[in-house]
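Numbering (our numbering), first residue to last: 4 to 244. C-beta: ideal position from N, C-alpha, C; glycine also.
So, in structure tokens, the structure goes:
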């Protein structure tokens with residue numbers, strides 16, 4: 004009789020008898036309150052979720068076709084369940100639609116691609132890493148200039164370049180068959196530029212070239228050239244270690 008009481012289907016005499024019993028029975032009183040709370044939650048779900056008109060009309064037509072009693076209660080549960088399902092679907096659609104936009108390429112990588120494509124004379128032309136370091140130290144800052152002969156590239160020189168509002172350096176290396184390798188390095192004393200990478204190296208492909216951008220102590224570096232992924236990482240390691 005608890006279900007009929009919650010749904011308001013008991014006659015006055017039966018209702019009086021039930022309430023008299025519930026008044027002295029803690030277990031039945033707790034069950035009755037639980038059913039009332041459940042009905043309130045389902046009713047609120049039905050009010051706050053707007054069903055598609057065609058679906059709502061079809062469900063309500065089914066409700067009208069059922070007899071009052073247990074069938075009616077099952078149908079009422081059906082419309083509440085459909086409403087909850089519609090709410091979940093709306094949450095899924097919203098979460099998918101709010102997916103973050105892809106992160107743009109790092110500014111250092113964009114500058115490396117652009118500078119590599121120019122192929123203009125360097126500011127200091129020498130195969131000596133020490134001379135390149137001395138030239139850049141007073142113009143840009145302390146930079147690592149490794150030899151890459153073991154990987155098939157010899158140092159050609161370097162130039163000073165602008166990357167956004169920062170001044171950086173471009174190291175230029177050349178291979179035995181005329182291929183070029185560019186390394187753009189930008190000082191990052193406060194670590195802000197490095198944090199924009201999300202803490203991991205970023206690899207990109209553009210126009211048949213590959214670039215790998217990463218953080219070294221005090222700098223953000225981008226290596227670009229016509230390299231396979233393994234060779235690109237080997238070159239990068241020479242600047243990272």
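Going by the DSSP bridge assignment, what does residue 165 pair with across the sheet? 170
Does the pairing of the stretch 157-175 with the stretch 126-141 give three or more beta-carbon distances under 8 angstroms? yes
Does DSSP put residue 139 in a helix, a strand or coil? helix
With a threshold of 8 angstroms, are at least 3 pairs of Cβ atoms found where one atom belongs to the stretch 215-225 and the other to the stretch 180-196? yes
Over what stretch of residues does the alpha helix (DSSP H) that includes residue 113 continue unbroken? 110-121
Return the Cβ separation of residue 119 and residue 183 in integer angstroms, given the expectation that the two are a contact with Cβ distance under 8 angstroms. 7 angstroms
Nearest residue (CA-CA) to residue 155, options 127, 146, 176: 176
Local conformation of residue 238 per DSSP, three classes: helix
Please state the DSSP three-state secondary structure of residue 132. helix
Beta strand (DSSP E) segment containing residue 215, residue limits: 212-219
At the level of alpha carbons, what is the spacing between residue 31 and residue 19? 15 angstroms
Which residues mark the beginning and the end of the alpha helix (DSSP H) in which residue 183 is found? Premise fails: residue 183 lies in the beta strand (DSSP E), 183-190, not in any alpha helix (DSSP H).
Taking only three categories from DSSP, how would you classify residue 27? helix
Using DSSP's beta-bridge definition, name the partner residues of residue 230. BP columns for residue 230 are empty, so no partner.
Proximity winner among 159, 193, 149, relative to residue 124 (alpha-carbon distances): 159
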